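A.B. asks: Taken in sequence, the protein lines are chains E and B.
If you want the numbering used here, it's the 1-based position in the first sequence plus 362.
If you want the numbering used here, it's the 1-based position in the second sequence plus 335.
Just so it is clear, CB atoms sit at the ideal spot from N, CA and C, and this is done for glycine as well.
These numbers were taken from a predicted model, which means no experiment stands behind them.
Below is a structure I'd like to ask you about.
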Amino acid sequence: MSDELLIVRCRLGERDAFPELVRAWHGAVDRYVRRMLAGPDDDVVQEVWLAVFHGLPKLRRPERFAPWLFTIARRAVTNRLRDTYAHAGPEPAEEPAGPDESDAIVDREVLGEALGALPVREREVLLLFYLEDLPLEACAQICAVPVGTVKSRLNRARRLLREELVRKEYEA
Amino acid sequence: MTPEELIKRLDPPLSLRRRVGYVTVALAGLLGSGLVGLLWATEPGLPPRTVVAFAVLVAIGLAWAVFGTWAVARRAPLFARDRVVAGWLGVAAWLLFTAGAVVVTTLRHRIEPGLLVVVLVLGAVAVLRLRAARRGRAALLRRKEQLSRGS
Numbered sequence: 363m364s365d366e367l368l369i370v371r372c373r374l375g376e377r378d379a380f381p382e383l384v385r386a387w388h389g390a391v392d393r394y395v396r397r398m399l400a401g402p403d404d405d406v407v408q409e410v411w412l413a414v415f416h417g418l419p420k421l422r423r424p425e426r427f428a429p430w431l432f433t434i435a436r437r438a439v440t441n442r443l444r445d446t447y448a449h450a451g452p453e454p455a456e457e458p459a460g461p462d463e464s465d466a467i468v469d470r471e472v473l474g475e476a477l478g479a480l481p482v483r484e485r486e487v488l489l490l491f492y493l494e495d496l497p498l499e500a501c502a503q504i505c506a507v508p509v510g511t512v513k514s515r516l517n518r519a520r521r522l523l524r525e526e527l528v529r530k531e532y533e534a
Numbered sequence: 336m337t338p339e340e341l342i343k344r345l346d347p348p349l350s351l352r353r354r355v356g357y358v359t360v361a362l363a364g365l366l367g368s369g370l371v372g373l374l375w376a377t378e379p380g381l382p383p384r385t386v387v388a389f390a391v392l393v394a395i396g397l398a399w400a401v402f403g404t405w406a407v408a409r410r411a412p413l414f415a416r417d418r419v420v421a422g423w424l425g426v427a428a429w430l431l432f433t434a435g436a437v438v439v440t441t442l443r444h445r446i447e448p449g450l451l452v453v454v455l456v457l458g459a460v461a462v463l464r465l466r467a468a469r470r471g472r473a474a475l476l477r478r479k480e481q482l483s484r485g486s
């Protein structure tokens with residue numbers, strides 16, 4: 363079933379469409395929140411979904427659901443980061459991978475840690491463009507910046523990520 | 336958190352009963368304060384204590400109306416089907432208010448032009464809201480049909 367059809371069914375108020383929408387997009391939201399906050403945060407994920415369901419009746423263009431969803435997720439993440447910095451608490455760290463896990467998981471962990479070391483703006487465009495496979499225009503809409511700014515952030519993000527991975531390799 | 340856990344957590348805010356409940360509370364508050372206000376406005380020579388009692392009842396009704404409206408706006412979004420249900424509830428509330436106005440007019444044996452205007456305006460608002468809700472739902476149903484045929 364297409365996303366647009368699912369959104370239309372949700373906007374109609376069909377009860378069984380809501381769980382389907384959550385199942386279809388929960389992974390992407392959870393991944394975005396996890397990477398942006400350098401760790402899982404169930405409260406932020408729940409906040410995102412509550413805002414999604416509150417905003418769904420006003421969503422005029424169901425085909426633009428993905429950028430709209432990530433705009434909401436971005437707002438929730440920004441609020442959480444603001445709270446974290448305001449309280450100056452310890453930053454949440456990713457759980458270390460177990461020694462018996464496969465190389466693929468270790469690679470993903472290394473990449474996750476390297477992503478976590480990037481500045482928030484660069485990390486965000488990398489996640490949206492590469493991990494969520496969103497077009498440049500959608501990334502620009504979500505980040506509320508021009509497309510040119512997204513491109514320059516992507517360039518900088520790629521360079522920083524490369525440097526971070528090289529540094530980690532040396533450390534290992 | 337798994338999707339199923341999340342769905343369970345989202346269940347209360349998405350409950351249809353809760354959404355329609357808030358609309359009912361708002362309309363009941365508005366209807367109650369409207370009818371009490373009607374009696375208050377049309378009853379001549381009320382003692383001060385009765386005026387205070389009427390004012391308190393109107394305030395309570397309005398408080399429920401404000402709470403219901405706030406809850407619908409902030410806590411329980413209305414989807415297309417809910418809007419149609421809310422539209423019918425609005426028409427029912429208007430009919431009850433009109434019945435109250437007719438009773439008051441019959442008891443007084445005179446037609447209040449101001450009251451007539453209020454009843455007509457409220458009726459127009461209720462009917463237009465219901466019409467808009469039904470049109471919105473019909474448009475979404477058509478789009479659903481198109482997308483279902485296409486997929």
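In chain B, which residues lie with their C-beta within 8 Å of the C-beta of residue 412 of chain E?
C.D. replies: Within 8 Å Cβ-Cβ: 345 and 348.
A.B. asks: Where do the ends of the alpha helix (DSSP H) carrying residue 480 of chain B lie?
C.D. replies: 448 to 485 is the extent of the alpha helix (DSSP H) around residue 480 of chain B.
A.B. asks: Less than 7 Å between C-beta atoms, sequence neighbours within five positions excluded: which residues of the same chain meet that for residue 425 of chain E?
C.D. replies: So the qualifying residues of the chain are 366.
A.B. asks: Any idea if residue 354 of chain B is buried or exposed, counting beta-carbon neighbours within 10 angstroms, 16 or more meaning buried?
C.D. replies: Answer is buried; the Cβ neighbour count reaches 16.
A.B. asks: Does the structure place the stretch 387 to 397 of chain B close enough to the stretch 444 to 458 of chain B that three or more beta carbon pairs sit under 8 Å?
C.D. replies: As far as the Cβ criterion goes, the stretch 444 to 458 of chain B does not touch the stretch 387 to 397 of chain B, which means the pair count is below three.
A.B. asks: Tell me the residue span of the alpha helix (DSSP H) that contains residue 419 of chain E.
C.D. replies: No alpha helix (DSSP H) contains residue 419 of chain E, which DSSP labels as neither H nor E.
A.B. asks: If you compare alpha carbons, which of E:481, E:503, E:382 and E:438 is closest to residue 407 of chain E?
C.D. replies: Checking every option, the nearest Cα to that of residue 407 of chain E belongs to E:438.
A.B. asks: So, does the CB of residue 485 of chain B fall closer than 9 Å to a CB anywhere in chain E?
C.D. replies: Output row for residue 485 of chain B: interface = yes.
A.B. asks: I'd like to check one pair, residue 461 of chain B with residue 425 of chain B: are the Cβ atoms closer than 9 Å?
C.D. replies: Result yes, Cβ atoms of residue 425 of chain B and residue 461 of chain B sit closer than 9 Å.
A.B. asks: Report the option in B:444, B:428, B:404 and B:412 whose CA atom is closest to the CA atom of residue 370 of chain B.
C.D. replies: Minimum Cα distance to residue 370 of chain B is reached at B:428.
A.B. asks: From residue 405 of chain B to residue 531 of chain E, what does the alpha carbon distance come to, in whole angstroms?
C.D. replies: Taking the straight line joining both Cα atoms gives about 55 Å.
A.B. asks: Return the CA-CA distance between residue 411 of chain E and residue 384 of chain E, expressed in angstroms with no decimal places.
C.D. replies: One C-alpha to the other measures close to 8 Å.
A.B. asks: Anyone know if the C-beta pair for residue 429 of chain E and residue 504 of chain E falls short of 9 Å?
C.D. replies: Yes. Within cutoff.
A.B. asks: How many angstroms separate the CA atom of residue 487 of chain B from the CA atom of residue 371 of chain E?
C.D. replies: In the structure displayed, chain B extends from 336 to 486; residue 487 of chain B sits before or after that span and is not available.
A.B. asks: Taking the alpha carbon of residue 378 of chain B as the point to measure from, which residue in B:362, B:465 and B:442 has its own alpha carbon closest?
C.D. replies: Among B:362, B:465 and B:442, the Cα nearest to that of residue 378 of chain B belongs to B:442.
A.B. asks: How close, in whole Å, do the beta carbons of residue 515 of chain E and residue 483 of chain E come, if the pair is a contact with beta carbons under 8 Å?
C.D. replies: 6 Å between Cβ atoms; contact.
A.B. asks: So for residue 413 of chain E, helix, strand or coil by DSSP?
C.D. replies: Note: residue 413 of chain E maps to helix in three-state DSSP.
A.B. asks: Just verifying my parser: in three-state terms, what is the DSSP assignment at residue 460 of chain E?
C.D. replies: Note that residue 460 of chain E scores a pLDDT of 45, beneath 50, so its modelled location is shaky and nothing firm can be said.
A.B. asks: Of all the alpha helix (DSSP H) runs that stay within the bounds of the stretch 478 to 504 of chain E, which reach a length of 4 or more residues?
C.D. replies: List check, alpha helix (DSSP H) in window: 482 to 488.
A.B. asks: Given that residue 342 of chain B touches chain E, what residues does it touch there, using C-beta distances under 7 Å?
C.D. replies: By Cβ distance, chain E contributes 381 and 384.
A.B. asks: How far does the alpha helix (DSSP H) with residue 398 of chain E in it extend, from its first residue to its last?
C.D. replies: From DSSP, the alpha helix (DSSP H) with residue 398 of chain E extends over 379 to 398.
A.B. asks: Along the chain, where does the alpha helix (DSSP H) containing residue 441 of chain B start, and where does it finish?
C.D. replies: That run of the alpha helix (DSSP H) goes 415 to 443.
A.B. asks: Among B:363, B:468, B:474 and B:473, which has the Cα closest to the Cα of residue 417 of chain B?
C.D. replies: The candidate whose alpha carbon is nearest that of residue 417 of chain B is B:468.
A.B. asks: Nearest to residue 434 of chain E by alpha carbon, out of E:392, E:517, E:521 and E:488?
C.D. replies: The option with the nearest alpha carbon to residue 434 of chain E is E:392.
A.B. asks: How about residue 494 of chain E: is its C-beta nearer than 9 Å to some C-beta of chain B?
C.D. replies: Closer than 9 Å: no.
A.B. asks: Anything in the stretch 413 to 443 of chain B with a Cβ closer than 7 Å to a Cβ of chain E? List those residues in chain order, please.
C.D. replies: Those would be 413, 414, 415, 416 and 417, in chain order.
A.B. asks: Check the Cβ of residue 478 of chain B against every Cβ in chain E and list those closer than 7 Å, keeping chain order.
C.D. replies: Ordered by position in chain E, the residues that pass the 7 Å Cβ test against residue 478 of chain B are 370.
A.B. asks: Can you give me the start and stop residues for the alpha helix (DSSP H) that residue 540 of chain E sits inside?
C.D. replies: For chain E, the structure presents residues 363 to 534; residue 540 of chain E sits outside this window and is missing.
A.B. asks: Taking the alpha-carbon positions, what's the residue 456 of chain E to residue 475 of chain E distance?
C.D. replies: Its pLDDT being 44, under 50, residue 456 of chain E is placed unreliably in this model, and the value from its coordinates should be taken loosely. Approximately 7 Å, taken between the alpha carbons.
A.B. asks: Checking contacts by CB at 9 Å: is residue 472 of chain B closer than that to chain E?
C.D. replies: By this cut-off, residue 472 of chain B is an interface position.
A.B. asks: Cα separation between residue 434 of chain B and residue 364 of chain B?
C.D. replies: Using only the alpha carbons, I get a separation of about 17 Å.
A.B. asks: Give a yes or no on whether the C-beta atoms belonging to residue 375 of chain B and residue 390 of chain B are separated by under 9 Å.
C.D. replies: Yes.
A.B. asks: Are the CB atoms of residue 465 of chain B and residue 407 of chain B nearer to each other than 9 Å?
C.D. replies: No. Outside cutoff.
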